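*Asks:* After the structure tokens below, expect a handful of questions from me.
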Amino acid sequence: MKLPKPEHFYGWILFIALLLRLLWAMAAVPIVPVSDCNAYDTFAQNLANGYGYGWTSTSLTAHWPPGTSFVYSIFYRLFGHTYVPIIILNLLLGITIIWCSMQLAERWFNQQVAWLTGLLLTLWPVTIQFTTVLSSELLFTALFLVAMVIWLNESTHLWLRALLVGLILAAACYVRSATLFIPFLLLLFRWVNTREILRSIAAIIVVFVVMSLLIAPWSIRNTRLYGQFVLMSTNTGVALWIGNNPKTRNGAHMDVPPEINEKTVGMNLAQRSAYLKAIAVAYIKQEPLKFVTRTFKKLIRLHERETIGVAWNEPGLVSHYGTGVLLPLKIVSQGYWLAMLGLALIGIILLGKQQGWITMIIHPLIVIWGYFALGHAVTEIGDRYHFYSIPMIAILAALTITYGLKMKQYIVNR
Numbered sequence: 005m006k007l008p009k010p011e012h013f014y015g016w017i018l019f020i021a022l023l024l025r026l027l028w029a030m031a032a033v034p035i036v037p038v039s040d041c042n043a044y045d046t047f048a049q050n051l052a053n054g055y056g057y058g059w060t061s062t063s064l065t066a067h068w069p070p071g072t073s074f075v076y077s078i079f080y081r082l083f084g085h086t087y088v089p090i091i092i093l094n095l096l097l098g099i100t101i102i103w104c105s106m107q108l109a110e111r112w113f114n115q116q117v118a119w120l121t122g123l124l125l126t127l128w129p130v131t132i133q134f135t136t137v138l139s140s141e142l143l144f145t146a147l148f149l150v151a152m153v154i155w156l157n158e159s160t161h162l163w164l165r166a167l168l169v170g171l172i173l174a175a176a177c178y179v180r181s182a183t184l185f186i187p188f189l190l191l192l193f194r195w196v197n198t199r200e201i202l203r204s205i206a207a208i209i210v211v212f213v214v215m216s217l218l219i220a221p222w223s224i225r226n227t228r229l230y231g232q233f234v235l236m237s238t239n240t241g242v243a244l245w246i247g248n249n250p251k252t253r254n255g256a257h258m259d260v261p262p263e264i265n266e267k268t269v270g271m272n273l274a275q276r277s278a279y280l281k282a283i284a285v286a287y288i289k290q291e292p293l294k295f296v297t298r299t300f301k302k303l304i305r306l307h308e309r310e311t312i313g314v315a316w317n318e319p320g321l322v323s324h325y326g327t328g329v330l331l332p333l334k335i336v337s338q339g340y341w342l343a344m345l346g347l348a349l350i351g352i353i354l355l356g357k358q359q360g361w362i363t364m365i366i367h368p369l370i371v372i373w374g375y376f377a378l379g380h381a382v383t384e385i386g387d388r389y390h391f392y393s394i395p396m397i398a399i400l401a402a403l404t405i406t407y408g409l410k411m412k413q414y415i416v417n418r
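Numbering (the working numbering), first residue to last: 5 to 418.
Laid out in structure tokens, this is it:
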């Protein structure tokens, strides 16, 4: 069998990735939105019908950033309430994530690591399963990675990069509020690469200015809606409370109990978020050491499983294949996840040995993974919340496999 030329590997990997996701989309339909997916769908329908961003025309919200629902609403306006355009979008986003991840892997290491990264992401079960899920994960991850690829491309003029990255991160901020502090990471990465601190700071200021200008209309809308300043969303206080209260389920999602709901009667979402945030902060200050240990435990639990892709596709899968298909799919997803996580942890050690431990700590792979992981370890956790880190985990896993292949070749040639 004749193997494709190395210069064609990227194309073949992307083709296989597209094919696998198409096969999943054809096999897993119909889409039945559950949990947050249902919220995105409802908000998108209301936007498309001119009712505004909310559960109804009289119940507007800013609990979540509006970006995902806004994108879906465009499809609903053009094609009616059908999920086919969203599936096509998810296919494109999945391919974009793989392509960008390979670009970053080649920039940081070499082509072999890049190809293996692409192959691992191509086969990664949850990234395939999310093709038929209405969620923000694919959209946010793709936007973030595109911004990373552009920012690290030193052949493009710095000010043009700053403008483009500002535009993309503003769009990403409309999808996930975690975007707000990413420019500080970009500043670190460029300073480490170039040691040009003043130019790097100036470029990041441009990024922030562009983001601020594009985010401002939504902030103004929220301020008018709630009578107080709300930058993007009102779920920050709720998320912090979920992870930090006397009855916390170790950061797993939980409903606000009736006794607290009674005290928030008459409050709008912004006021309620501030109230819950105050409770959480007081609880953290009361026992700071327990906060540290609790955060560490949540950091571990954040990575303990990866079956959300099956769970959010469950109604469609059961309607087609019955409940018997769920356990095998979860076993495959969980097994793949644990294997990749283990390889990635080894990859961290290899990275430290190859490039030095200080360099390893400030390497984009580690900083990005740590940024997303710690952000949720402090608040609410769930396997969906490590999705944004998957490209970094895949690159580290590919680094480990590459090292293993080299060691095998070395032993054979001895």
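Note that the Cβ used here is the ideal one computed from N, Cα and C, for glycine as well. Keep in mind that this is a model prediction, so the values were computed, not measured.
Using 8 angstroms as the Cβ pair cut-off and three pairs as the minimum, do the region 198–214 and the region 234–246 touch?
*Replies:* Counting Cβ pairs under 8 angstroms, fewer than three are found: no touch.
*Asks:* So what's Trp59 in DSSP terms, helix, strand or just coil?
*Replies:* Within the sequence shown, residue 59 is the residue found at index 55, counting from 1. Residue state, collapsed to three classes: strand.
*Asks:* Return the bridge partner residues of Leu64 from the DSSP annotation.
*Replies:* One-based indexing of the sequence shown puts residue 64 at position 60. Answer by DSSP bridge pairing, in chain order: Gly58.
*Asks:* Examine the ligand FAD and report whether any of its heavy atoms sits within less than 7 angstroms of the Cβ of Ile288.
*Replies:* No copy of the ligand FAD appears in this structure; indeed no ligand is present at all.
*Asks:* From the DSSP secondary-structure annotation, give me the bridge partner or partners of Arg253.
*Replies:* Residue mapping note: residue 253 aligns to position 249 of the sequence shown, counting from 1. Paired residues: Ala256.
*Asks:* Please return the same chain residues whose Cβ sits closer than 7 angstroms to the Cβ of Ala377, not counting the five positions on each side in sequence.
*Replies:* The residue labelled residue 377 in the question sits at position 373 within the sequence shown. These residues qualify, in order along the chain: Leu303, Leu306, His390 and Ser393.
*Asks:* Just how far apart, CA to CA, sit Ala21 and Asn249?
*Replies:* Counted from its first residue, the sequence shown places residue 21 at position 17. Counted from its first residue, the sequence shown places residue 249 at position 245. C-alpha separation (whole angstroms): 42 angstroms.
*Asks:* So the alpha helix (DSSP H) Tyr44 belongs to, where does it begin and stop?
*Replies:* In the sequence shown, counting from the first residue as 1, residue 44 sits at position 40. Note, Tyr44: alpha helix (DSSP H), Asp40 to Ala52.
*Asks:* Looking only at its own chain, which residues have a Cβ that is under 8 angstroms from the Cβ of Leu321, when we skip the five neighbours before and after it?
*Replies:* Here residue 321 refers to the residue found at position 317 when the sequence shown is read from its first residue. Closer than 8 angstroms at the Cβ level, and outside the excluded window around Leu321, lie Ala32, Val314, Val329, Leu330 and Leu333.
*Asks:* Look at Ser140 and Arg180 and say whether their C-beta atoms are less than 8 angstroms apart.
*Replies:* Stepping through the sequence shown from its first residue, residue 140 is reached at position 136. Stepping through the sequence shown from its first residue, residue 180 is reached at position 176. Contact: yes.
*Asks:* Determine, using beta carbons only, whether Ile99 and Leu18 come nearer to each other than 8 angstroms.
*Replies:* Counting from one through the sequence shown, the residue named residue 99 turns up at place 95. Counting from one through the sequence shown, the residue named residue 18 turns up at place 14. Yes, they are a contact pair.
*Asks:* Cα separation between Met364 and Cys177?
*Replies:* Here the question's residue 364 lines up with position 360 in the sequence shown. Here the question's residue 177 lines up with position 173 in the sequence shown. Going by the C-alpha atoms only, they are around 28 angstroms apart.
*Asks:* Do the region 396–403 and the region 348–366 touch if we need at least three Cβ pairs shorter than 8 angstroms?
*Replies:* Yes, the region 396–403 is in contact with the region 348–366.
*Asks:* Rounded to whole angstroms, what is the Cα-Cα separation between Val371 and Leu189?
*Replies:* Locating residue 371 in the sequence shown gives position 367, counting from the first residue. Locating residue 189 in the sequence shown gives position 185, counting from the first residue. Distance between the alpha carbons of Val371 and Leu189: 8 angstroms.
*Asks:* Measure the C-alpha to C-alpha separation of Ile283 and Thr406 and round it to an integer number of angstroms.
*Replies:* Against the sequence shown, residue 283 aligns to sequence position 279. Against the sequence shown, residue 406 aligns to sequence position 402. Taking the straight line from one Cα to the other gives about 48 angstroms.
*Asks:* Between the C-alpha atoms of Gly15 and Trp112, what's the straight-line distance to the nearest angstrom?
*Replies:* On the sequence shown, residue 15 is found 11 positions in, with the first residue counted as 1. On the sequence shown, residue 112 is found 108 positions in, with the first residue counted as 1. Approximately 20 angstroms between the Cα atoms of the pair.
*Asks:* Tell whether a beta-carbon distance below 8 angstroms holds between Ser77 and Leu51.
*Replies:* As a position in the sequence shown, residue 77 is number 73, starting the count at 1. As a position in the sequence shown, residue 51 is number 47, starting the count at 1. Cβ distance < 8 angstroms, so Ser77 and Leu51 count as in contact.
*Asks:* Gly326 by DSSP, collapsed to three states: which one?
*Replies:* Taking the first residue of the sequence shown as position 1, residue 326 is located at position 322. Residue state, collapsed to three classes: coil.
*Asks:* Can you list, in chain order, the residues of its chain with a C-beta nearer than 7 angstroms to that of Val94? Leave out the 5 residues immediately preceding and following it.
*Replies:* Indexing the sequence shown from 1 puts residue 94 at position 90. Per the sequence presented here, residue 94 reads as Asn, with Val not at that position. These residues qualify, in order along the chain: Phe134, Thr135 and Leu142.
*Asks:* Asn239 by DSSP, collapsed to three states: which one?
*Replies:* Taking the first residue of the sequence shown as position 1, residue 239 is located at position 235. Coil.
*Asks:* So what's Glu110 in DSSP terms, helix, strand or just coil?
*Replies:* The sequence position of residue 110 within the sequence shown is 106, counting from 1. Of the three classes helix, strand and coil, the one that applies to Glu110 here is helix, per DSSP.
*Asks:* Between the alpha carbons of Ser73 and Asn42, how many angstroms are there, rounded?
*Replies:* To locate residue 73, count along the sequence shown from 1; it is residue 69. To locate residue 42, count along the sequence shown from 1; it is residue 38. Distance between the alpha carbons of Ser73 and Asn42: 10 angstroms.
*Asks:* Just checking my contact of Ala66 with Val234 at CB under 8 angstroms: how many whole Å lie between their CB atoms?
*Replies:* Taking the sequence shown and counting its residues from 1, the one referred to as residue 66 is at position 62. Taking the sequence shown and counting its residues from 1, the one referred to as residue 234 is at position 230. 6 angstroms between Cβ atoms; contact.
*Asks:* Determine the direct distance from the alpha carbon of Lys289 to that of Leu127, and round the result to whole angstroms.
*Replies:* The count along the sequence shown starts at 1 and reaches residue 127 at position 123. The count along the sequence shown starts at 1 and reaches residue 289 at position 285. If I take the Cα positions, the gap works out to 44 angstroms.
*Asks:* Give me, in chain order, the residues of the same chain whose beta-carbon lies closer than 8 angstroms to that of Ile335; leave out the 5 immediate sequence neighbours on both sides.
*Replies:* Within the sequence shown, the letter at position 331 stands for residue 335. Here the set comprises nothing.
*Asks:* Using the beta-carbon count (16 or more within 10 Å), is Pro261 buried or exposed?
*Replies:* One-based indexing of the sequence shown puts residue 261 at position 257. Label assigned to Pro261: exposed.
*Asks:* If you reduce the DSSP assignment to three classes, tell me which class Pro129 lands in.
*Replies:* The residue you call residue 129 lines up with position 125 of the sequence shown. Reduced to three states, the DSSP call for Pro129 is helix.
*Asks:* Starting from Asn265, trace the alpha helix (DSSP H) both ways and give me its first and last residue.
*Replies:* As a first step, residue 265 must be located in the sequence shown, where it is residue number 261. Its alpha helix (DSSP H) spans residues Pro262 to Lys267.
*Asks:* For the region 69–122, which segments carrying the alpha helix (DSSP H) assignment without a break, of at least 4 residues, lie completely within its bounds, in sequence order?
*Replies:* Segments of the alpha helix (DSSP H) lying fully in the region 69–122: 71–83 and 88–112.
*Asks:* By how many angstroms is the C-alpha of Arg194 removed from the C-alpha of Ser159?
*Replies:* The sequence position of residue 159 within the sequence shown is 155, counting from 1. The sequence position of residue 194 within the sequence shown is 190, counting from 1. About 13 angstroms.
*Asks:* Tell me the residue span of the alpha helix (DSSP H) that contains Ser277.
*Replies:* Here residue 277 refers to the residue found at position 273 of the sequence shown. Leu273 to Gln290 is the span of the alpha helix (DSSP H), which, as asked, contains Ser277.
*Asks:* Is Gly351 helix, strand or coil when you go by DSSP?
*Replies:* The residue labelled residue 351 in the question sits at position 347 within the sequence shown. Three-state DSSP puts Gly351 in a helix.
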